[in-house]
Every structure is written in C-alpha cells, then in structure tokens.
Amino acid sequence: GNSVTQMEGPVTLSEEAFLTINCTYTATGYPSLFWYVQYPGEGLQLLLKATKADDKGSNKGFEATYRKETTSFHLEKGSVQVSDSAVYFCALLKSGGSYIPTFGRGTSLIVHP
Amino acid sequence: SQTIHQWPATLVQPVGSPLSLECTVEGTSNPNLYWYRQAAGRGLQLLFYSVGIGQISSEVPQNLSASRPQDRQFILSSKKLLLSDSGFYLCAWSVPRLNTEAFFGQGTRLTVV
Chain A
164 GNSVTQMEGP VTLSEEAFLT INCTYTATGY PSLFWYVQYP GEGLQLLLKA
214 TKADDKGSNK GFEATYRKET TSFHLEKGSV QVSDSAVYFC ALLKSGGSYI
264 PTFGRGTSLI VHP
Chain B
43 SQTIHQWPAT LVQPVGSPLS LECTVEGTSN PNLYWYRQAA GRGLQLLFYS
93 VGIGQISSEV PQNLSASRPQ DRQFILSSKK LLLSDSGFYL CAWSVPRLNT
143 EAFFGQGTRL TVV
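Taken in order, these protein sequences are the chains called A and B.
Residues in the first sequence are numbered consecutively from 164, following our numbering.
Residues in the second sequence are numbered consecutively from 43, following our numbering.
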C-alpha cells in the first residue's frame, strides 16, 4: 500500500538557518505529493504541492521537488523565521480506488530567535 | 470559493457521555469527506471517509461512528465516550476522482474527563 516516511523531529534551528525536512514515499504509479503545515491549535493548511515528476512546488519561501528516481519530496527553506515554527506533514494522493490522502507522521519545527 | 466549517472548536465531555461533531462544506458538490484524529504529539489517523450520501467507510474499529445525512455534511458521533477518545479531530474534504489536495477544517479539541 501507499506510505509516507518523514524524518523524526523535533527539528530545532536558529532564525535564518537553512531548513531541510526529508520525506520519502512508497506508491505505485504517479501520486501527487503535498506538504501541509499545522500551527498550534489549528487545522492543516496546504503549503505546496507537485503533481508529476520533476515538478517543484513553492510557497512562502518553501520549496520541494518531486523526485521519482529517489521517491522523495524533501521540504527546504533557505532562511527560516520564528513564525515558521509549526508541524509539517508530507502527504501523497494516489488516483484510483478511494482517493484517500496518506500522511507522514509529521515533523515539528522549532525556530529560536 | 469553497469553505469548510467544523464545530465546536473545543469540547470537554465526561466519560460515558455522547458525542456529536459536525462538519459542513460549502461551495462544492459531492465532495469526498474525511474524519481524522490526531493524538498529542502523534500523526494523523484516518477514522472515516465518505464518497457520497450514506456511504461511510471505517478505517479503525472503535466506539466512534460517522454519518453523512446530506451531501456536504459529515458528522462524527459516539454513544459513550472513553478517556482514550481525547484528541484533536479534523474534518477534511477533497474533489472526487482527482489527485488534488485535501482541505482541512480548523479542528475540534476534545478532552474526555
């Protein structure tokens, strides 16, 4: 079946540091890939997405590239801010069947001033 | 545009009491609907999903149930709450038959005491 594996957290960084959160997936065919962000006490918000191989999703300074050869969708940001502190979820959606999104376990990011 | 409403935002209920959480979607027709639970510091657990009125699929056997009485209404219920039912409950929707993202409500923080 489909699965998503994210790096364990928490990830603790100083402001303006470079961020990478690793995400790898297992799925047949060509799933769509997503990164969601969850701020404390809130629901999940879509951060970025990519629907085919080599696509790069980007939003608010975050980027992730759909790498089919390595089945990865790593999240990066060049300079994090305190306001980026949140939990980040990698997810995939595979067409066919029930179209149920599959989520990773989430990675907590803590950014210190 | 499409919106999703979930209520209440916070709920404190005694053990053994009933539960009813409601979710409605506006601005779309025949959405896929989902209920997830997020325990403290954990990832997302899919509880139920629905592809149409009266069509409910359960992913995890437990003392919760779901119903979809109208096209854009999804209700999570329990006859008798357990302490282990405490958590953050999230409703989500997606466009059927497409590899597009799921959109989440703001969540309900349920504490069973």
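For every residue, glycine included, the Cβ atom is placed at its ideal position computed from N, Cα and C.
Considering only C-alpha positions, which residue in the set A/Leu255, A/Thr183, A/Glu178 and A/Glu179 is nearest to glutamate 171 of chain A? Along the first sequence, read from residue 1 onward, the residue named residue 171 of chain A stands at position 8. Between glutamate 171 of chain A and the set A/Leu255, A/Thr183, A/Glu178 and A/Glu179, the nearest pair of CA atoms involves A/Thr183.
Let me confirm a value: leucine 140 of chain B is counted as buried when at least 16 other C-beta atoms fall within 10 Å, else exposed. Which label applies? The residue labelled residue 140 of chain B in the question sits at position 98 within the second sequence. Leucine 140 of chain B comes out exposed.
Name the DSSP beta bridge partners of serine 246 of chain A, please? As a working mapping, residue 246 of chain A is identified with position 83 in the first sequence. DSSP output for serine 246 of chain A lists no bridge partner at all.
Proximal chain A residues relative to glutamine 148 of chain B, where beta-carbon distance stays under 7 angstroms: As a first step, residue 148 of chain B is located in the second sequence; it is residue number 106 there, counting from the start. Residues of chain A passing the Cβ test: Glu205 and Gly206.
Output the residue ranges of the beta strand (DSSP E) runs that lie fully inside the region 181–219 of chain A and measure 3 residues or longer, sorted by chain position. As for any beta strand (DSSP E) of minimum length 3 sitting wholly inside the region 181–219 of chain A, the runs are 182–184, 186–189, 195–201 and 207–213, ordered along the chain.
Taking arginine 268 of chain A as the query, report the chain B residues whose CB atoms sit under 9 angstroms from its CB, ordered along the chain. Along the first sequence, one-based indexing puts residue 268 of chain A at 105. Arg84, Gly85 and Leu86, listed in chain order.
Rounded C-beta distance between glutamine 244 of chain A and valine 274 of chain A? I'm assuming under 8 angstroms. Reading the first sequence from its first residue, position 81 is the one you call residue 244 of chain A. Reading the first sequence from its first residue, position 111 is the one you call residue 274 of chain A. Right, their Cβ atoms sit about 6 angstroms apart.
Scan the region 124–136 of chain B for residues whose Cβ lies nearer than 8 angstroms to a Cβ of chain A and list them as they occur along the chain. Going along the region 124–136 of chain B in chain order, one finds Leu132, Ala134 and Ser136 with a Cβ nearer than 8 angstroms to chain A.
Considering just the uninterrupted stretch of the beta strand (DSSP E) at alanine 227 of chain A, what are its terminal residues? Looking up residue 227 of chain A in the first sequence gives position 64. Looking at the DSSP string, the run of the beta strand (DSSP E) that includes alanine 227 of chain A is 225–228.
Short of 6 angstroms in beta carbon distance, which residues of its chain neighbour serine 100 of chain B, apart from the five on each side in sequence? Order them along the chain. Indexing the second sequence from 1 puts residue 100 of chain B at position 58. Excluding positions up to five away in sequence, the list reads Phe90.
Look at the alpha carbon of tryptophan 11 of chain B and the alpha carbon of proline 173 of chain A, and state the distance between them as a whole number of angstroms. Nothing about residue 11 of chain B can be read from this structure; chain B reaches only from 43 to 155.
Under 8 angstroms, Cβ to Cβ, is there at least one residue of chain B near leucine 272 of chain A? Taking the first residue of the first sequence as position 1, residue 272 of chain A is located at position 109. It does not: the Cβ of leucine 272 of chain A has no partner Cβ on chain B nearer than 8 angstroms.
Return no unless some Cβ of chain A is closer than 8 angstroms to the Cβ of glutamate 143 of chain B. Locating residue 143 of chain B in the second sequence gives position 101, where the first residue counts as 1. For glutamate 143 of chain B, the nearest beta carbon of chain A is closer than 8 angstroms to its own beta carbon.
Neighbour flag for arginine 139 of chain B against chain D, beta carbons, 8 angstroms: Protein chains A and B are contained in the structure displayed, whereas chain D is not.
Residues that glycine 129 of chain B bridges to, as DSSP identifies them: The residue labelled residue 129 of chain B in the question sits at position 87 within the second sequence. Per DSSP, B/Leu152.
Go ahead and label threonine 52 of chain B buried or exposed: buried means 16 or more other beta carbons lie within 10 angstroms of its beta carbon, across all protein chains shown. On the second sequence, residue 52 of chain B is found 10 positions in, with the first residue counted as 1. So threonine 52 of chain B counts as exposed.
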